[in-house]
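Written out below as structure tokens is the structure these notes cover.
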Amino acid sequence: HTKENGGNRLEIYTPALSSKRVERFNMESGLRYALERGELALNFQPQVSLSTGKVHGAETLLRWNTPDGKTIQPGEFIPLAEETSLIIPIGQWVLEQACLECRRWIRAGMPSLVISVNISALQFQQENFPELVRKVLRDTGIEPFNLCLEITEHTAVQNMEHSISMLGELVEIGVKIAIDDFGIGQSSLLLLKKLPVHIVKLDPSFILNMIEDSDDDAIAKAIIEMSHSLGLSVTAEGVETEGQLHRLQQLQCDRIQGFFTGRPMTSDQFIAYFLEISSWMS
Ligand code: C2E
Ligand code: MG
Ligand code: MG
Ligand code: MG
């Protein structure tokens, strides 16, 4: 086809390139106003304790409901929010709203629930981030033990020196720290030895085929055992089947999060979910 077009590659590639740019530009300008226009919403996915069957807490997951009626998943807009620094105001809003919802849950009779919030690399690099956490805890009145901050393994290894001091400050406040997407990075063992963290979130890629693939099962088992030896607890992510649940129970995994025990839901749905599970238990 190069010949047909007289070898003029620019004519071939320019339209595709610019339409991608236009798409990105549109998303960027939309995202710039999403917060003030009230288009951002939070979902909550239950985390269930495997030893008691009780609801431990929920992870906060961000959604963007655009004016044309579409819901955009975080995988599509968080990277752009990072690149444009919009993640700073958006992340602050997520933290505040999540803690406000948690206060509602506490008042509805769930005093020991833990709300987990994802913290992006750029937020984590801000020197005043611990101050923000203290302020949000003060303003919302929830206890530090009600809040868990999730940092990905990838974010944590970018600058170990910074991570050690930042996590140290956060641990001092009394909040919990979870290492997200654990196991797919490179320096896993050293990471857990060096960083002050409480929870390891086992990456869903090991859970997906753990029943059929003995390698994945072996990795999941090793991460759980190693974490326990280091005094950390483990939450397995992406649990979709009863078989996976039973296997993780055998491996003495502490908590699970996944479609099997509950998809991401609204705050009201989460309260109903909690009450329903509690009534099964009693
Ligand atoms: P993550 O923190 O690892 O969150 C778990 C993701 O796995 C969520 O995707 C959740 O819906 C999905 N998931 C949960 N259970 C299952 C399951 O059983 N099967 C499958 N296939 N998937 C499951 P989601 O909501 O699309 O979020 C994707 C990522 O976006 C998150 O990964 C997190 O890194 C990021 N993210 C979400 N909300 C925020 C936020 O408020 N701030 C920041 N910085 N990042 C966020
Ligand atoms: Mg997470
Ligand atoms: Mg994860
Ligand atoms: Mg992830």
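Residue numbers (UniProt numbering): 730 to 1011.
All C-beta atoms, glycine included, are put in the ideal place defined by N, C-alpha and C.
A quick note: this is a predicted structure, and the numbers were derived from the prediction, not measured.
In whole angstroms, give me the CA-to-CA distance for residue i and residue j.
i     : j    : result
A965  : P925 : 20 Å
L851  : E860 : 15 Å
C831  : S747 : 44 Å
D997  : P775 : 13 Å
L771  : E788 : 10 Å
V963  : S943 : 20 Å
P953  : L791 : Here residue 953 is Ile; the residue named in the question, Pro, does not match the sequence. Each residue's Cα considered, the two are about 28 Å apart.
I817  : F935 : 31 Å
V823  : R867 : 16 Å
N888  : M895 : 10 Å
A1001 : V751 : 42 Å
M994  : L918 : 34 Å
Q915  : A949 : 16 Å
F853  : H883 : 12 Å
S1008 : L899 : 35 Å
D797  : Q855 : 34 Å
G972  : A951 : 19 Å
Excluding the 5 residues preceding and the 5 following residue i in the sequence, name in chain order all residues of the same chain whose CB lies nearer than 6 Å to its CB.
i    : result
D909 : E879, T881 and K930
N938 : D945
P803 : L791
Q826 : L771
P933 : E966 and G967
G897 : P925
Taking buried to mean at least 16 other C-beta atoms within 10 Å of its own C-beta, is residue i buried or exposed?
i    : result
Q979 : exposed
H785 : buried
I913 : exposed
P840 : exposed
Q981 : exposed
I921 : Reading off the sequence, residue 921 comes out as Leu, not Ile. L921 should be labelled buried.
K799 : exposed
K749 : exposed
T731 : No answer about T731 holds up, because its pLDDT of 41 lies below 50 and its placement is not dependable.
G820 : buried
L842 : buried
For residue i, which residues from the same chain have a beta carbon less than 7 Å from its beta carbon, with the 5 sequence-adjacent residues on both sides left out?
i    : result
I902 : P859, V862, R863 and P873
S892 : A885 and L924
A763 : L769 and W793
L779 : L977, Q978, C982, D983, R984 and I985
E733 : For E733, the predicted model reports a pLDDT of 49, less than 50, meaning its position is unreliable and no value from the coordinates is stated.
T795 : G759, E768 and I801
Looking only at its own chain, which residues have a Cβ that is under 8 Å from the Cβ of residue i, when we skip the five neighbours before and after it?
i    : result
L809 : R753, M756, E757, L760 and L815
L829 : T869
E811 : S849, A850 and L851
So which of the options has the shortest CA-CA distance to residue i?
i    : options                    : result
L961 : I1000, A907, A947 and G912 : A907
L974 : I940, A1001, A951 and H927 : I940
F773 : E805, T813 and N847        : N847
S845 : Q855, I871, E856 and N857  : I871
Got a sec: is the Cβ-Cβ distance from residue i to anything in chain C below 8 Å?
i    : result
G767 : Absent from the structure: chain C. Only one protein chain is present.
Legend entry - Stretch-stretch touch, CB-based, cutoff 8 Å, three pairs: the region 870-878 with the region 824-837: yes
Legend entry - At least 3 beta-carbon pairs within less than 8 Å: the region 986-1002 vs the region 948-958: no
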